[in-house]
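Student: If you're matching positions, the sequence shown starts at -7 in this note's numbering and goes up one per residue.
The structure is given below, and queries will be raised subsequently.
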Amino acid sequence: MANIEQQKQFLQKAEASGLLTRLGAYARLSGPGWLQSAITLGGGSLASSLFLGVLAGYSLLWLQPLAILLGVIMLCAISHVTLSTGQSPFVSIKNEINPVLAWGWAIATIMANIVWCLPQFSLGTAAVTQNLFPGFDGTLAKVGVCSVLLLLAIIVIWVSEKGSRGAKTFDLILKVMVGLIVVSFFGVVVKMTLTGELNWGEILPGFAPDLSMLFQPAQVYEHFLTQTGEFSSFWENKIVGAQRDVMIAAAASAVGINMTFFMPFVLLRRKWGREHRGLAKFDLWTALLIPYV
């Protein structure tokens, strides 16, 4: 909607009309949550998922859904405070608590963006040179792919800054991209299930939280550890240390510090207010939790 006041009136009418009408209005106006979804569904989450699978098999399937669940709750709280006060938590912390803490948060966010953005270029380059065009390799090819990716990112950001229409186009692009990722993974799961390649009897128990793996090796290692004899304690400590590191990395990549800093500014940029608090929470739950799981 072009006018923020019209949007607020639309939300008020929808909320007074019942649950289904309200959900339809929320779905129509959703947007910022999909940006967070696009941020979290990146190379960090992919690498962490692969490492978790290699390290502990199905035993750690519960970790990332739990991490994103906690992250959504945290982002909902941040959004609620932002829309209630009309200012970002950065400003609130700087004025009400301590400027050092606020600027430390900002600097950590910048560092996190650098750490998490650069691998996306490596991931994109690998996707092009190894999957789409295997013969398109070499230093010049990699520079070309990275340049195209950078140009596309600049164009998308430029479009998002072009008023309400640009923001709507930006939201649509993100929804399509995230939707394609979800459909692609879902299609793989369906195909492997139909061909009998997935043992759901072993997979489903992996979604039950098990914090014991912070302190003891996963069950898949029991057979191998019994064969190490007097060196079993060494290998147990080695495996537990690796498990703990990857678990922490996976939880951290689910919802990054840059998301906690960036989300409030996106909401304020769109001039959302107290009337949008329910929409913001719906946006986060649907755009973050469902695609991630």
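Virtual Cβ for every residue (Gly too), placed ideally from N, Cα, C.
1) Drop a sphere of 10 angstroms on the beta-carbon of Leu370, count the other beta-carbons inside from all chains shown, and report buried for 16 or more, exposed for fewer.
2) For Asn191, which three-state DSSP category applies?
3) Can you check whether the CB of Gly25 is closer than 8 Å to the CB of Leu280?
4) State whether the segment 209 to 218 contacts the segment 238 to 253, with contact taken as three or more CB pairs (one from each stretch) at a distance under 8 Å.
5) According to the neighbour-count rule (16 or more other Cβ atoms, all chains shown, within 10 Å of its Cβ), is Arg269 buried or exposed?
6) Exposed or buried, what is Asp129 when buried is set at 16 or more other beta-carbons lying within 10 Å of its beta-carbon?
7) List the endpoints of the continuous alpha helix (DSSP H) containing Met205.
8) If you compare alpha carbons, which of Asp275, Ile282 and Tyr284 is closest to Gly16?
9) By Cβ distance below 7 Å, which residues in the same chain neighbour Phe43 in space, the five residues on each side in sequence not counted?
10) Taking only three categories from DSSP, how would you classify Ile89?
11) Using three-state DSSP, classify Gly10 as helix, strand or coil.
12) Please state whether DSSP places Phe113 in a helix, a strand or coil.
13) If we count Cβ pairs, one from each stretch, closer than 8 Å, do we get three or more for the segment 137 to 152 versus the segment 107 to 121?
14) For Thr74, does the count of other Cβ atoms within 10 angstroms reach 16, so buried, or fall short, so exposed?
15) Rank Cys68, Gln(-1) and Phe2 by C-alpha distance to the C-alpha of Val247 and give the top, closest one.
16) Closer than 8 Å is the cut-off here; do at least three beta carbon pairs connect the segment 227 to 235 with the segment 253 to 261?
Tutor: The answer reads as follows:
1) The first residue shown for the chain is -7 and the last is 285, placing residue 370 beyond what the model contains.
2) coil
3) yes
4) no
5) Buried is the call here.
6) exposed
7) Here Met205 belongs to no alpha helix (DSSP H), and DSSP marks it neither H nor E.
8) Asp275
9) Val238
10) coil
11) coil
12) helix
13) Remark: three or more beta-carbon pairs, one from each stretch, lie closer than 8 Å, so the segment 137 to 152 and the segment 107 to 121 are flagged as touching.
14) buried
15) Nearest option by C-alpha distance: Cys68.
16) Short answer: they don't touch.
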